[in-house]
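Peer 1: Would you mind keeping the following structure in view while I ask a few things?
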Amino acid sequence: MFFGNDRKQMREVFFTAWEKFHKGEHLEQSEQLLLDVIHRHPEYHEVVGNREKYLDKDFTPEEGGTNPFLHMSMHIAIAEQVGLDRPAGIRQAYQELAAGMGDTHAAEHEMMECLGRSLWEAQRAGQEPDEQAYLECVQKLAKDKGGRVE
């Protein structure tokens with residue numbers, strides 16, 4: 000979409016979208032997607048509204064919290080996957096999971112577990128993520144949560 004490997008650059012897109020929203024400026028389609036995710040996470044509004052404090056902040060597991068930028072980026076990645084149906088079948092699995100849970104946001108949080116595991120395993124192995132294993136993980140969630148994925 001619009002993220003790179005540079006942490007500051009990635010965070011800047013969140014800060015900029017939030018600022019443009021508050022100034023009433025026109026948002027590009029990608030910025031609107033960011034803003035939708037930010038609005039679903041009021042606990043992160045202070046973060047995206049404070050560039051000076053959070054641009055360089057390290058969010059470590061030892062702190063016991065979640066990296067808000069990573070969390071919101073995973074929502075965006077899932078939205079893109081579902082929109083493109085990549086891997087093929089992810090849209091149906093998402094729809095079944097969301098229907099079974101009755102909540103799209105909660106369904107995305109469940110999918111994040113599969114996505115995070117897939118990314119971690121790929122990084123550890125030094126290879127591309129296994130899209131089929133990721134899809135199967137989400138399909139299993141959908142089935143377990145009351146969906147009809149087969």
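Residue 38 in numbering that gives the first Met the number 0 sits at position 39 of the sequence shown, with consecutive numbering throughout. Glycine included, C-beta positions come from ideal geometry on N, C-alpha and C.
1. At the level of alpha carbons, what is the spacing between L119 and P128?
2. How long is the line joining the alpha carbons of V148 and E51, rounded to whole angstroms?
3. Do Q9 and Y43 have their CB atoms nearer than 8 Å?
4. When burial is assigned at 16 or more other CB atoms within 10 Å of the CB, is E109 buried or exposed?
5. The alpha helix (DSSP H) spanning K142 covers which residue range?
6. If you draw a straight line from the C-alpha of G101 to the C-alpha of G82, how long is it?
7. Determine the contact status of V36 and I75, defining contact as a CB-CB distance below 8 Å.
Peer 2: Well, looking at it:
1. It is Trp, not Leu, that sits at residue 119 in the sequence shown. Those two C-alpha atoms are separated by around 8 Å.
2. In this prediction, V148 has a pLDDT of 48, which is less than 50 and means its spatial position is unreliable; what the coordinates show is noted afterwards. Rounded to whole angstroms, the separation of the alpha carbons of E51 and V148 is 45 Å.
3. First, the amino acid is wrong: residue 9 is Met here, not Gln. Their beta carbons are not under 8 Å apart, which means M9 does not touch Y43 by this criterion.
4. Buried, by the Cβ-count rule.
5. K142 -> alpha helix (DSSP H) spans 130-143.
6. Their Cα atoms are separated by approximately 19 Å.
7. Closer than 8 Å, so yes.
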